[in-house]
Structures are given as C-alpha cells and as structure tokens.
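If you're matching positions, the sequence shown starts at 24 in the working numbering and goes up one per residue.
Report on the structure given below.
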Amino acid sequence: MMSDNNGTLIPEYSSKPGRWMRGFSSSLMVPLTHFGPIFGRHRIRPLDNPERRESGLVIVLSGIEGEGLINHNILLGLADAGLPYALSLFRWTRPIPILSTFHNLRGLKRNLLQAERLAKLIAEYREKYPGRPVHLVGHSGGGAMSILTLERLPDGVNVDSAVLCATALSPSYDLSGALRHVNGKVYNLRSTYDWFHLRLATTVLGTVDGKHCVSAGAIGFQIPDNATEETRRLYAERFVEVPFTREMIGSFHLSGHFGCVNRLFVEEWIAPLFKTTTEVTPSPSRSVALV
C-alpha cells in the first residue's frame, strides 16, 4: 500500500477512473440504481474475500431502495481510498425494486429481524477474527438499520465505528443503546437541504422508527429529555454530528439525499473516519467539520 503526500492511502490498483469522472459518473448512476444487481455486481465482488476479512470488515447497508448502483458506489469509494478491509454489502431489504420500497421503510417487525441477523453475523466475525476492526456504513433506511443492529449486538460485542448517511430515523430516537456497542464513534452525516426525502417524505410516510417528522439525517439527533448521566456521557464521548458544508461540494456532495454516498465523497470524507495510526489519514483540505 502506498500513500500520497498527505498520508492518504492509495489503492494498489490503477484501473479506477480519474477523480472528476468518479464523482460525475457516480451522480449519473442515481436514477439507474436498480440496474445494479444486473450490471454492477462484478465491480464489488472482489472487495469481499477471505484475504480482506483477515484485515477487517466494513458492512454497508443500502437505503430502502435496496441493492443498486448507489450502494455499490459506497463500496467502490471505500476501495478507492485504499482500505484493506473486506467491503461487504448486507442485503436487508425485500428484493422487489420500487414495489417493496414502502415496506422496507415501515416494515419494522421485519427490519428488526434483519437487524438481529446482521448482529449475529457481526458476532460470528468477531469470534473468528478477534481484534480486527469492524465498521458500519448505512444510507437513509440503512442508517436506521445500523442503529437497530448495534442495539442487538450481544453483551461484549462492539463495532469500531458507524457512519449514518442521511439517516431516516426520527431526531428524538434514543441512541444510547446503540452507542454502548461502539468502541469509537457514531457519525451522523446530515444535510438540512435534504428537502424531499428527509423532510417531506418522512413527514408524510414516516421514518423507519414510525414517526411522521423531519428526519435526523436532515436536522440531527436530540439528547432525550429524560437522559440519564450515562446517556449524556455516551452522546458526548461517542456521537458526532457532521453537517453538510460548502466544502463538500468539491467532492460531489451537493447537499441532497444521495450526495453523501457519491463514490468520490465516500473516498474523501467517509473512508478517513475509519483510520487508525497506520491507516487512512484525511488530508487538511478534507477534514470533516465536527460539531
């Protein structure tokens, strides 16, 4: 693995498109996302193999649209950043494109079963590969699923971090149960300009946790009014809000619902969050604004 002058890891392959093309083409793929299972799986298949699992694991959870080019680009962006870990897409949605979208959003009973299934897989990985890093990345409904999964991890089983990208959870949702199962931090990437999906749609159709309101992926989470001292400590130590800033536009995040999962944005803003002293270090021009 090589690194550039900023200390950012460079992938060991040279076949990826240029920087501008990675961002632009990723934006164009949004309306074509449902073709992903047909035309896109060959791009992500090599990213999850036994050799990579020896190094660590990043689990990506799609939005309610299900597997597609959008979430494939999350995996590719992480690979572009040079992460040596297995990059795995967890398929939690019903497999009928478009028709099952609403049920994926509001089918809480089934979603909880899927969260339990993923929690079991994480526990099994921890047992087989002790000490390896484990991270979660969830987009929209997948961000909500990340929280539901963390809550269901067995005692003593934690992940290293989780990134919620435009999550479709209500702002009042209590994160303390999830935060107890994170060694590092949970990052909430939010944009107040996500007008259609996280303001209008979740107000009309509801969030994953069944509230009709503007989502936390737009306006952030609130510490519960009746929070205990432990809950306040967990929020202070393990939870970080990452609001949209104009600097992110340079990485093709234009403030909407899908900008935070653009391949280039994932490479330059999300992958650096999974760093240790020997892994990805964000360049000075790409340091996230944490509040």
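No residue lacks a Cβ here, since even glycine has one placed at the ideal position from N, Cα and C.
All values reported here derive from a predicted model rather than from experimental measurement.
Backbone CA spacing between residue i and residue j [nearest angstrom]
{"i": "E90", "j": "V265", "result": "25 Å"}
{"i": "L110", "j": "G240", "result": "23 Å"}
{"i": "K208", "j": "V263", "result": "7 Å"}
{"i": "T215", "j": "L173", "result": "25 Å"}
{"i": "V83", "j": "N249", "result": "32 Å"}
{"i": "A224", "j": "S123", "result": "16 Å"}
{"i": "R66", "j": "S195", "result": "38 Å"}
{"i": "V157", "j": "S78", "result": "10 Å"}
{"i": "E74", "j": "F47", "result": "31 Å"}
{"i": "A312", "j": "L171", "result": "For A312, the predicted model reports a pLDDT of 44, less than 50, meaning its position is unreliable; a value from the coordinates is still stated below. So the alpha carbons of these two residues sit roughly 26 Å apart."}
{"i": "M44", "j": "P247", "result": "43 Å"}
{"i": "E252", "j": "L98", "result": "37 Å"}
{"i": "A259", "j": "E147", "result": "30 Å"}
{"i": "P307", "j": "E270", "result": "Because the pLDDT of P307 is 37, which lies under 50, any placement of that residue in the model is unreliable, and the number read from its coordinates should be weighed accordingly. Between P307 and E270, the C-alpha separation is close to 12 Å."}
{"i": "F125", "j": "I145", "result": "27 Å"}
{"i": "W218", "j": "K151", "result": "43 Å"}
{"i": "S163", "j": "L136", "result": "18 Å"}
{"i": "L55", "j": "L92", "result": "7 Å"}
{"i": "S169", "j": "N96", "result": "18 Å"}
DSSP-derived helix/strand/coil call for residue i
{"i": "Y148", "result": "helix"}
{"i": "H95", "result": "helix"}
{"i": "A104", "result": "coil"}
{"i": "S48", "result": "helix"}
{"i": "H162", "result": "strand"}
{"i": "A189", "result": "coil"}
{"i": "H276", "result": "coil"}
{"i": "S169", "result": "helix"}
{"i": "A250", "result": "coil"}
{"i": "T225", "result": "helix"}
{"i": "C236", "result": "coil"}
{"i": "S199", "result": "helix"}
{"i": "N285", "result": "coil"}
{"i": "T124", "result": "helix"}
{"i": "N72", "result": "coil"}
{"i": "Y216", "result": "coil"}
Residues that residue i bridges to, as DSSP identifies them
{"i": "E264", "result": "N211"}
{"i": "L80", "result": "A109, V157"}
{"i": "S184", "result": "H158"}
{"i": "V205", "result": "V182"}
Cβ separation of residue i and residue j, assumed to be a contact under 8 Å, to the nearest whole Å
{"i": "E290", "j": "D103", "result": "4 Å"}
{"i": "V237", "j": "T226", "result": "6 Å"}
{"i": "S278", "j": "F288", "result": "Not quite, the Cβ-Cβ distance comes to about 11 Å (not below 8 Å), so this is no contact."}
{"i": "L80", "j": "R203", "result": "Not a contact, Cβ separation roughly 20 Å."}
{"i": "L131", "j": "G282", "result": "Contact flag wrong, Cβ pair sits at about 28 Å."}
{"i": "V160", "j": "N181", "result": "About 16 Å separates the two Cβ atoms, so there is no contact after all."}
The ligand FAD heavy atom lying under 6 Å from the CB of residue i
{"i": "T190", "result": "Annotation note on the ligand FAD: not contained in the displayed structure, which lists no ligands."}
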